């Protein structure tokens, strides 16, 4: 028995030792500055979720890069921002989407659900610290080992590709929607119930981004994209306004386009602008910033 | 609890240490620990269904005691049928209720009348088909006086719920496993190391072969209308390896884990894809189920005695029942039927017991005739898997009809890494085909550092190249 345990112990130490070496070596290689350099003309980046992803056409805003992505929670936006600011001193301004559905408990599925973890964790694993990993290990759905394994595979492929990280890992970008307005009138009751509860996690991550920008003298502008009058996500407006007040106290610019007077033909659905709507909104946003 | 999860990686060493260090001196305590560990293992998935296992255990234990107290034929028959009805009743309700209801409704509709009964939202208890058959084997063997009924309730409960094989087999016979709970167990280094090797190989089959193939077979089966015939054939091949890696991998982990605790389980797979005909395939695939059906259904029906007509009838019955055992869907019945049809020519020509020995034993390469046999058998089995994988019969037929779309063009899906893993896997399986599992004898004579490097390599591949985590397919059965 002693021999057996000794051999198993040695094997386990060797095994996990090699895995740790692989993980840390990849981390060092993947974190190399050269993969995170943006075009030197880029001075503004846009972060957020699908509303910003579909709403801001960065081709119409010179010097701007839209890196918002559908379903992205602030946890990942923060990691992305931190790395990009570290490697790109030319970034002077951040436009951050802040919308009703980003402060609800329901939004946390973007952080802990099996579906989103499998999709997002490998994209950002090299940027997630020990604490973040422990949180995902304990609160995340599905197997953490499986996430590590997926990340290693992705990182091998990334190094082989030699593409910039934001391109290979698909860190977001403007998404053109062609469809005409499809009205989503209400949600299932479970979703509505979760929606009314604020997510302290998401809110903390949001303010972490603001603090980080302020500490680094980066101009931060928070905005809310246009919403159709039928958008069901408005049900937590009272709660949302509470945090807007918080922004005012902190003296942070908040541009609210939720009620922007634009026709129905601008919307793909209640929460997202189509291509036509995006062009109108982008120009409006540009004007307001200037 | 999944074998390939962190939960199990913590659970197993904990139970192992308690078993050999804390409860080593007392057999009853060791068996009690197995019961507790098994109930925790099962309850991790859904504790509510523990009551089902416990009830089944109580019924069969009581029936066993009852059978030992009477020689009266009628009373013994009543006891036997009580056990059969209770066990198959649970199985029938949880697994087949909605299937029969839907089909009754369709038949009534066909004759222009309406049969109204609401279908139920039934959750299928994991492993019910496996432990039901295991407990049934006990009652039937006691009834047939092949086995002395047990009076050791803890031992019997441990036999029914033994966690390594509780949810997906191998389906153990009481005659093999139950007596092992009566004997004191001493730690055997060689057995434990062998068990670890089998666990490692089982994990490789599951997480590298099955889970990687699953991604592509799912993609191709779910979007079959978008792919050429050659890709559809490749999708079926991926599924063939997925299901083999998944199920035989599970069996390997189960057998290996049992060996860590001093138990020997029945072999469940014997390199079935190296079979030279369908009969040989069925002697090598899911052996614990096919021998169960052979002993408790085929032989009581008359087996291969009697006229050719009777043999054919029995063959069709056993394949159809075997198909239906897998799930409440016509696709499984079709799968069983197709295999029966593949089997018929061998039966009629008396060639169903032709290949009993291991292919090309003591040779590195098979004879050309054997190679052709292996190829044809694999092709037939793979085609039958299309029914098994399809959502319904319509899906299967559409999949087959897609074979005619550019069958000779290069498949659109060509995952080179998966091909490399499959080539490595087939190579190792071929080299180890004379053993209980592929790497059982591999490297035993190598230098320790080389042997360890090989095991480390396999373990690292399991970690780094694991496919997206998938539940074991046979959990649903």
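Residue numbers (this note's numbering), protein chains in the order written: chain P, 1 to 290; chain W, 1001 to 1477.
Backbone N, C-alpha and C define an ideal beta-carbon position, used for all residues, glycine too.
None of the values given here were measured: they were computed from a predicted structure.
Residues that residue 65 of chain P bridges to, as DSSP identifies them: Looking up residue 65 of chain P in the first chain gives position 65. Paired residue(s): P:45.
Exercise for the section: Check whether the Cβ atoms of residue 223 of chain P and residue 97 of chain P sit closer than 8 Å, and answer yes or no. Expected result: To locate residue 223 of chain P, count along the first chain from 1; it is residue 223. To locate residue 97 of chain P, count along the first chain from 1; it is residue 97. Yes; because the gap between Cβ atoms is below 8 Å, this pair is in contact.
Notebook entry, point to check: Which whole-angstrom value is the C-beta distance of residue 247 of chain P and residue 240 of chain P, which I expect to be below 8 Å?
Noted result: By one-based count along the first chain, residue 247 of chain P stands at place 247. By one-based count along the first chain, residue 240 of chain P stands at place 240. Between residue 247 of chain P and residue 240 of chain P, the beta carbon gap of about 11 Å keeps them out of contact (Cβ cut-off 8 Å).
**Asked** From the DSSP output, which residues share a beta bridge with residue 254 of chain P?
**Response** Translated into positions along the first chain, residue 254 of chain P becomes position 254. For residue 254 of chain P, which the question treats as bridged, DSSP gives the partners P:222.
Following the continuous beta strand (DSSP E) through residue 94 of chain P, name the residue where it begins and the one where it ends.
-> The residue labelled residue 94 of chain P in the question sits at position 94 within the first chain. Element bounds for residue 94 of chain P: 93–97.
Close beta carbons around residue 161 of chain P, own chain, < 6 Å, minus the five adjacent residues each side:
Position 161 of the first chain holds residue 161 of chain P. For residue 161 of chain P, where only same-chain residues beyond five positions count, the Cβ hits under 6 Å are 168.
Open item on the list: Using a 10 Å radius around the Cβ and a threshold of 16 neighbouring Cβ atoms, would you call residue 1402 of chain W buried or exposed?
Closed with: The sequence position of residue 1402 of chain W within the second chain is 402, counting from 1. Under this definition residue 1402 of chain W is a buried residue.
Q | Nearest-angstrom beta carbon gap, residue 1191 of chain W and residue 1092 of chain W [assumed within contact, 8 Å] | A | Sequence index remark: in the second chain, residue 1092 of chain W carries index 92 (1-based). Sequence index remark: in the second chain, residue 1191 of chain W carries index 191 (1-based). Rounded, the Cβ-Cβ distance is 39 Å, inconsistent with contact.
Is there a Cβ of chain P sitting closer than 8 Å to that of residue 1439 of chain W, yes or no?
Reading the second chain from its first residue, position 439 is the one you call residue 1439 of chain W. Chain P contact via Cβ: absent.
### Task
Could you name the residues of chain W that residue 149 of chain P contacts, counting a contact when the two beta carbons are closer than 7 Å?
Looking up residue 149 of chain P in the first chain gives position 149. Under the 7 Å cutoff, chain W gives 1463, 1464, 1466.
Practice problem: Output, in chain order, the set of chain W residues within a Cβ distance shorter than 8 Å of residue 24 of chain P. | Solution: Mapped onto the first chain, residue 24 of chain P falls at position 24. What residue 24 of chain P touches in chain W: nothing, since even the nearest Cβ is about 14 Å away.
Checklist entry - Out of curiosity, what's the CA-to-CA distance linking residue 1353 of chain W and residue 1131 of chain W? => result Against the second chain, residue 1353 of chain W aligns to sequence position 353. Against the second chain, residue 1131 of chain W aligns to sequence position 131. So the two alpha carbons sit approximately 30 Å from each other.
- Message: So, with DSSP's three-state summary, where would you put residue 1161 of chain W?
- Response: Taking the second chain and counting its residues from 1, the one referred to as residue 1161 of chain W is at position 161. Correct three-state label for residue 1161 of chain W: helix.
Straight-line gap, residue 205 of chain P to residue 1012 of chain W (C-alpha atoms, nearest Å) = As a working note, residue 205 of chain P is residue 205 in the first chain. As a working note, residue 1012 of chain W is residue 12 in the second chain. Looking at the two C-alpha atoms, the distance is approximately 38 Å.
Any C-beta of chain P within less than 7 Å: which residues of the region 1003–1026 of chain W qualify?
1005, 1006, 1020
Practice item. Could you have a look at residue 198 of chain P and say whether DSSP puts it in helix, strand or coil? Key: Counted from its first residue, the first chain places residue 198 of chain P at position 198. It is a strand residue.
Member of W:1299, W:1215, W:1137 whose CA lies at the smallest distance from the CA of residue 1056 of chain W
As a first step, residue 1056 of chain W is located in the second chain; it is residue number 56 there, counting from the start. Out of W:1299, W:1215, W:1137, W:1137 has the C-alpha closest to the C-alpha of residue 1056 of chain W.
Requested in this report: Could you tell me whether the Cβ atoms of residue 1186 of chain W and residue 1032 of chain W are closer together than 8 Å?
Outcome: The residue you call residue 1186 of chain W lines up with position 186 of the second chain. The residue you call residue 1032 of chain W lines up with position 32 of the second chain. Taking a C-beta distance under 8 Å as the contact criterion, residue 1186 of chain W and residue 1032 of chain W do not qualify as a contact pair.
Report the three-state DSSP secondary structure of residue 182 of chain P (helix, strand or coil).
To locate residue 182 of chain P, count along the first chain from 1; it is residue 182. Strand.
* Check whether the Cβ atoms of residue 1322 of chain W and residue 1343 of chain W sit closer than 8 Å, and answer yes or no. => One-based indexing of the second chain puts residue 1322 of chain W at position 322. One-based indexing of the second chain puts residue 1343 of chain W at position 343. Against a cut-off of 8 Å, the Cβ pair of residue 1343 of chain W and residue 1322 of chain W comes out as no contact.
| Residues of chain W with CB under 7 Å from residue 1 of chain P, in chain order? | Here residue 1 of chain P refers to the residue found at position 1 when the first chain is read from its first residue. Correct list: 1020, 1187.
**Asked** So, helix, strand or coil for residue 104 of chain P, using DSSP?
**Response** The sequence position of residue 104 of chain P within the first chain is 104, counting from 1. Correct three-state label for residue 104 of chain P: strand.
task: Look at the alpha carbon of residue 307 of chain P and the alpha carbon of residue 113 of chain P, and state the distance between them as a whole number of angstroms.
output: Only positions 1 to 290 of chain P appear in the structure, and residue 307 of chain P is not among them; the question remains open.
*Backbone CA spacing between residue 1389 of chain W and residue 1235 of chain W [nearest angstrom]*: As a first step, residue 1389 of chain W must be located in the second chain, where it is residue number 389. As a first step, residue 1235 of chain W must be located in the second chain, where it is residue number 235. Approximately 10 Å between the Cα atoms of the pair.
Exercise. Please name the residues in the region 1185–1209 of chain W whose beta-carbon is closer than 9 Å to at least one beta-carbon of chain P, in chain order.
Key: From the region 1185–1209 of chain W, only 1187, 1189, 1192, 1193, 1196, 1207 have a Cβ closer than 9 Å to chain P.
**Alpha-carbon spacing of residue 227 of chain P relative to residue 101 of chain P, whole angstroms** = Locating residue 227 of chain P in the first chain gives position 227, where the first residue counts as 1. Locating residue 101 of chain P in the first chain gives position 101, where the first residue counts as 1. Distance between the alpha carbons of residue 227 of chain P and residue 101 of chain P is about 12 Å.
* Asked: Can you give the Cα-Cα distance for residue 1200 of chain W and residue 158 of chain P, rounded to whole angstroms?
  -> By 1-based counting over the second chain, the position of residue 1200 of chain W is 200. By 1-based counting over the first chain, the position of residue 158 of chain P is 158. Looking at the two C-alpha atoms, the distance is approximately 29 Å.
Q. Considering only C-alpha positions, which residue in the set P:14, P:274, P:66 is nearest to residue 48 of chain P?
A. Taking the first chain and counting its residues from 1, one reaches residue 48 of chain P at position 48. Of P:14, P:274, P:66, the residue nearest in Cα terms is P:66.
With 8 Å as the C-beta to C-beta threshold (strictly closer), list the residues of the region 15–48 of chain P near chain W in chain order.
Flagged, chain order: 15, 18, 19, 22.
Do residue 1042 of chain W and residue 1030 of chain W come within 8 Å of each other at the CB atom, strictly closer than that value?
Within the second chain, the letter at position 30 stands for residue 1030 of chain W. Within the second chain, the letter at position 42 stands for residue 1042 of chain W. In this structure, residue 1042 of chain W does not lie closer than 8 Å to residue 1030 of chain W by Cβ.
Which bits of chain W does residue 126 of chain P rub up against, with CB to CB less than 8 Å?
-> As a working note, residue 126 of chain P is residue 126 in the first chain. Result: empty, since nearest Cβ-Cβ is about 15 Å, beyond 8 Å.
Worksheet item: By a C-beta neighbour count over all protein chains shown, 10 Å radius and 16 as the cutoff for buried, is residue 50 of chain P buried or exposed?
Response: The residue given as residue 50 of chain P occupies position 50 in the first chain. Its Cβ being crowded by 16 or more others within 10 Å, residue 50 of chain P is buried.
* If you draw a straight line from the C-alpha of residue 1219 of chain W to the C-alpha of residue 1021 of chain W, how long is it? -> By 1-based counting over the second chain, the position of residue 1219 of chain W is 219. By 1-based counting over the second chain, the position of residue 1021 of chain W is 21. Taking C-alpha positions only, residue 1219 of chain W is separated from residue 1021 of chain W by approximately 48 Å.
Which chain P residues sit within Cβ distance under 9 Å of residue 1460 of chain W? Here residue 1460 of chain W is taken as the residue at index 460 of the second chain, counted from 1. Under the 9 Å cutoff, chain P gives 15, 18, 19, 22.
Residue 1049 of chain W and residue 1125 of chain W: beta carbons closer than 8 Å?
-> Translated into positions along the second chain, residue 1049 of chain W becomes position 49. Translated into positions along the second chain, residue 1125 of chain W becomes position 125. For residue 1049 of chain W and residue 1125 of chain W, yes; Cβs fall inside 8 Å.
* Of the residues W:1277, W:1023, W:1158, W:1282, which one's Cα is nearest the Cα of residue 1268 of chain W? -> Translated into positions along the second chain, residue 1268 of chain W becomes position 268. If we check each option's Cα against that of residue 1268 of chain W, W:1282 comes out closest.
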